[in-house]
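**Q** Would you mind keeping the following structure in view while I ask a few things?
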Amino acid sequence: MNYPSKNHYTNIANIYDNLWSYSPEYIKFTTQKIIEHLHLISTDTLVDIGCGTGIYSKEILKHIQLQQPIICVDPSAEMLEKIPANSRLNPIKMDGVRFSQELGFYDKIFLKEAIHYIEEKFLLFQNLWQRLTPGGIFLLLLLPPTIEYPLFAKALELYEKK
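At position 6 of the sequence shown the residue is numbered -2 (this note's numbering), and the sequence of numbers has no breaks.
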């Protein structure tokens, strides 16, 4: 995994959710689109790869009551520590490629704005495909090719290179 900004995420973990709240409706709107495109239903087993603080997974649970906790995967312990212990989120400290190699089957998987950190994209996609149940959905959310995004300048540079 190409994770050059580990210190960046360690440093901003305490304020990360506030940084995404620049528009009161942004998180809600994006979450609604995630739910819509994944066709989420209450019986789904959902994985959020590159979850950070679980900001979108927490919002998903406000809109749909999943029977299973959402599996939240991120390589940053500091980000995962911001997920409340009793939140119906199951934090796993692991990078996406390694997680994709673990045993398990999932109905829905999403990866939001983190693909630029993953060098082994083909391996990730191949493994995740094998982890999806029949009829399962993988949703990849990307940044636009170029935007004003000063918080994650290093991430944007990586994204634009690939």
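We put the beta carbon where it would ideally sit given N, CA and C, even for glycine. All values derive from a computational prediction rather than experimental measurement.
If you check the beta carbons only, do Met71 and Gly42 fall under 7 Å apart?
**A** no
**Q** Is the separation between the beta-carbon of Ile91 and that of Val65 shorter than 7 Å?
**A** Correcting the residue type first, residue 91 is Phe in the shown sequence and not Ile. Yes.
**Q** From Phe21, Asn82, Ile62 and Leu115, pick the residue whose C-alpha is nearest to that of Lys100; which is it?
**A** The candidate whose alpha carbon is nearest that of Lys100 is Ile62.
**Q** I need the DSSP call for Lys54, collapsed to helix, strand or coil.
**A** helix
**Q** Among the residues of its own chain, which have a CB less than 8 Å from the CB of Ser34, if the five just before and after it don't count?
**A** Ile56, Gln57, Leu58 and Gln59
**Q** Going by C-alpha to C-alpha distance, which of Ala106, Ile52 and Val39 sits closest to Phe21?
**A** Ile52
**Q** Consult DSSP for Asn82 and reduce its assignment to one of helix, strand or coil.
**A** Strand at Asn82.
**Q** Excluding the 5 residues flanking Asp36 on each side, which residues of the same chain have their C-beta closer than 7 Å to its C-beta?
**A** Leu58, Asp99 and Lys100
**Q** For Gly88, name the three-state secondary structure that DSSP assigns.
**A** helix
**Q** What is the DSSP secondary structure of Leu95, counted as helix, strand or coil?
**A** coil
**Q** What does DSSP give as the partner residue(s) for Lys100 in the beta ladder?
**A** Leu38 and Ile129
**Q** According to the neighbour-count rule (16 or more other Cβ atoms, all chains shown, within 10 Å of its Cβ), is Leu134 buried or exposed?
**A** exposed
**Q** Judging by CA-CA distance, which residue of Leu30, Leu32, Leu103 and Pro67 is the nearest neighbour of Asp87?
**A** Pro67
**Q** Applying the criterion that 16 or more other CB atoms from any shown protein chain within 10 Å of the CB defines a buried residue, is His31 buried or exposed?
**A** His31 comes out exposed.
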